[in-house]
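Only one structure is covered here, and it is reproduced in the block below.
2 protein chains.
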Amino acid sequence: MQDRAEATRRLILRSAAEQFDRKGYAATGIAEITAQAGCTSGALYFHFAGKDQLAAAVIEEHFAYWQPLVARAEQLRAPALEQLVALSFAVMRAFRDDVVVRAGGRLWNERRAIDARLPVPFVGWIATTSRILGRAKAEGTLQPHIDPERAAELLVCSLFGVHIVSDTLDGRTLVEEHLTGLWLLVLPGLRADRDDPDGGHRDLVERCRFHLPQEQ
Amino acid sequence: MQDRAEATRRLILRSAAEQFDRKGYAATGIAEITAQAGCTSGALYFHFAGKDQLAAAVIEEHFAYWQPLVARAEQLRAPALEQLVALSFAVMRAFRDDVVVRAGGRLWNERRAIDARLPVPFVGWIATTSRILGRAKAEGTLQPHIDPERAAELLVCSLFGVHIVSDTLDGRTLVEEHLTGLWLLVLPGLRADRDDPDGGHRDLVERCRFHLPQEQ
C-alpha cells in the first residue's frame with residue numbers, strides 16, 4: 001500500500017477509535033468518523049467495507065498492540081514474576097491512556113452487535129501469563145503447588161476485573177492503585193518466599209511498576 | 217396491586233428476562249416478549265412504560281436477588297471468611313442458573329443503550345464484602361496487615377473477572393472450578409493461618425462451597 005493511502009487508513013482508524021471509545025458501536029455513525037478524519041466517505045469505503053469492518057479493524061489493532069509489549073516484558077533483565085508484574089501495569093496504563101486500546105476494549109464488550117469475525121479474547125493473555133509463570137516456576141520463585149496454567153487463568157480473570165471495575169467506578173484514575181492492591185493480595189499465594197507477610201511483596205510491585213514505560 | 221395483575225407483571229418480567237438474556241437489549245422486541253408471555257401489548261404497557269423501563273425492572277430484580285442471599289450467608293453458623301466463600305459460590309451459581317440474574321447482568325453490560333436510571337454496580341458488593349471481611353478481622357482470621365475495605369474491592373474485581381471470563385470461554389460450565397482456583401490463589405494472602413501451603417485452604421473452600429443451596 002502506498003504511504004499516503006496507509007496514512008489515510010491510519011487516520012480513519014484512529015478517528016473511528018475515538019468515536020467508538022466515546023459513544024460505543026451503535027451510536028457511532030460513518031459520517032462522524034469521516035468528519036473527524038477530514039476525509040470523504042469514498043476514502044473510508046476504499047479502506048473499509050463498512051462500520052462492522054471498521055470496528056473489527058479497531059479490535060484487531062487493539063489485539064496487535066499487545067505483542068510488542070509482551071516481547072519487551074519478556075526481554076526485561078528481571079525474574080519472570082517481575083516481568084509479569086511490569087507487564088500488568090503497562091497493560092492497565094494502555095487501557096487508561098491509549099484510545100485505540102480503549103476503543104477495542106469497549107467494542108469487544110459490545111461485540112454481539114458487530115457483524116464480523118473477531119479474535120477470541122482472554123486465551124492469548126492466559127497463554128502469555130502461563131508461559132511467564134512457567135519460567136517463574138523454573139526459576140524457583142513460585143510455590144511448588146502452583147500450576148502455572150491454572151494460576152494464569154485466575155490472574156487474567158482478576159486483572160480483567162480490576163480493569164472493568166476501575167473503568168466503571170473511577171474512570172481508571174485509580175487503576176494503578178487497584179492493581180498494586182491486587183498483586184499484594186495474590187503474591188503471597190504465588191511466591192515461594194512467604195516469610196515476609198507484606199513488605200517484600202510491596203517492594204517487588206513498586207520495583208516493577210515502571211519497568212515498561214509507554215513507547216513514544 | 218391485585219394478585220392477578222401482579223402475576224401478569226411477573227410473567228412479563230420473566231419473559232423479558234429470557235429474551236434479553238438470549239438476544240441482548242437491542243435485538244429484543246416488545247412483540248417477542250408479549251408473544252412469549254402470552255399477553256397483549258396493552259397488558260405490557262399497563263405495567264411498563266416501554267422497553268427501557270422493562271430492562272430497568274429486570275436489572276432491579278437482579279439487584280434485589282442478592283439481599284436475601286447475603287442475609288442467609290451472614291446468618292450461617294460459620295466464621296465470616298467461610299460465609300464469604302459460601303456466598304461467592306451461591307452468586308456464581310445464580311449467574312449460571314437463574315435467568316433473571318443472568319439477564320440483569322447482560323443488560324447491565326449493555327447499560328449505555330438503556331435510557332433509564334440504573335443502580336450503581338459493584339459498590340453494594342464491595343460494601344457487603346468489606347463488612348464480612350471486617351467481621352473476619354475481628355474474629356482474628358485475617359492477616360493483621362489486611363485492610364478489609366481494600367481487600368473487598370479487589371475480591372469483587374477478581375470475582376467479577378471470573379464471572380465474565382467463564383461466561384465467555386466456557387459458558388459458565390466451569391465457573392465453580394474457576395472460583396475454587398481463585399480462592400486457593402487469594403486465601404494465602406488473606407488468612408491468618410499460613411502454615412499449611414495449600415491443603416487448609418482447599419479444605420475451607422470445599423467445606424463452604426455448598427453452604428448456600430439455591431432456594432426453591
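Just so you know, the protein sequences line up as chains F and R, in that order. Here the first sequence is numbered in this note's numbering, starting from 1 and rising by one per residue. Here the second sequence is numbered in this note's numbering, starting from 217 and rising by one per residue. Built from N, CA and C at the ideal position, the CB exists for glycine as well.
Beta carbon proximity, residue i to chain R, threshold 8 Å
i                      : result
valine 99 of chain F   : no
valine 91 of chain F   : no
valine 85 of chain F   : no
alanine 121 of chain F : Strictly speaking, residue 121 of chain F in this sequence is proline, with alanine absent from that position. Answer yes: the Cβ-Cβ gap between proline 121 of chain F and chain R drops below 8 Å somewhere.
alanine 64 of chain F  : no
valine 165 of chain F  : yes
Residue i and residue j closer than 8 Å at C-beta
i                           : j                         : result
proline 144 of chain F      : serine 130 of chain F     : no
isoleucine 33 of chain F    : tryptophan 108 of chain F : no
alanine 332 of chain R      : aspartate 386 of chain R  : no
alanine 302 of chain R      : leucine 428 of chain R    : yes
valine 381 of chain R       : valine 156 of chain F     : yes
leucine 118 of chain F      : leucine 190 of chain F    : no
glycine 105 of chain F      : histidine 62 of chain F   : yes
histidine 417 of chain R    : proline 404 of chain R    : yes
glutamine 2 of chain F      : arginine 93 of chain F    : no
leucine 390 of chain R      : serine 304 of chain R     : no
phenylalanine 46 of chain F : leucine 54 of chain F     : no
arginine 312 of chain R     : arginine 425 of chain R   : no
alanine 43 of chain F       : threonine 8 of chain F    : yes
valine 205 of chain F       : threonine 128 of chain F  : no
glycine 226 of chain F      : glycine 377 of chain R    : Nothing about residue 226 of chain F can be reported from this structure: the residues present for chain F run from 1 to 216 only.
valine 99 of chain F        : aspartate 21 of chain F   : yes
alanine 192 of chain F      : glycine 140 of chain F    : yes
valine 319 of chain R       : isoleucine 342 of chain R : Residue identity check: residue 319 of chain R is alanine in the sequence provided, not valine. Not closer than 8 Å, so no.
isoleucine 12 of chain F    : alanine 37 of chain F     : yes
Neighbour flag for residue i against chain F, beta carbons, 8 Å
i                        : result
glycine 356 of chain R   : no
alanine 242 of chain R   : yes
threonine 384 of chain R : yes
valine 286 of chain R    : no
CB contact below 8 Å: residue i versus chain A
i                        : result
glutamate 176 of chain F : The chain inventory of the structure shown lacks chain A, comprising the protein chains F and R.
Open item on the list: Which residues of the segment 147-162 of chain F have a Cβ closer than 8 Å to any Cβ of chain R? Give them in chain order.
Closed with: Arg150, Ala151, Glu153, Leu154, Leu155, Val156, Cys157, Ser158, Leu159, Phe160, Gly161 and Val162
TODO: Would you list, in chain order, the members of the segment 386-406 of chain R that have their beta-carbon closer than 8 Å to a beta-carbon of chain F?
DONE: His394, Gly397, Leu398, Leu400, Leu401, Val402, Leu403, Pro404, Gly405 and Leu406
TODO: Would you mind listing the beta strand (DSSP E) stretches within the segment 128-158 of chain F that are 3+ residues and don't spill past its ends, in chain order?
DONE: none
Open item on the list: So, does the segment 338-356 of chain R touch the segment 292-307 of chain R, judging by three or more C-beta pairs under 8 Å?
Closed with: yes
Task: Validate contact between the segment 121-128 of chain F and the segment 225-243 of chain R using beta carbons, cut 8 Å, 3 pairs - done: No contact exists between the segment 121-128 of chain F and the segment 225-243 of chain R.
Open item on the list: Contact between the segment 225-234 of chain R and the segment 272-288 of chain R is defined here as three or more beta-carbon pairs at a separation below 8 Å; is this criterion met?
Closed with: yes
- [ ] Quick one: which unbroken alpha helix (DSSP H) runs of 4-plus residues sit fully inside the segment 61-107 of chain F? Chain order, please.
- [x] 80-97
Task: Cβ-based contacts, 9 Å cut-off: residues of the segment 247-277 of chain R near chain F - done: none
- [ ] Closer than 8 Å, Cβ to Cβ, to anything on chain F: give me those residues from the segment 319-333 of chain R, in chain order.
- [x] Asn325, Glu326, Arg328 and Ala329
Open item on the list: Give the list of continuous alpha helix (DSSP H) stretches no shorter than 4 residues that lie fully inside the segment 229-276 of chain R.
Closed with: If one requires a minimum length of 4 residues, the alpha helix (DSSP H) runs lying completely within the segment 229-276 of chain R are 246-253 and 257-263, in chain order.
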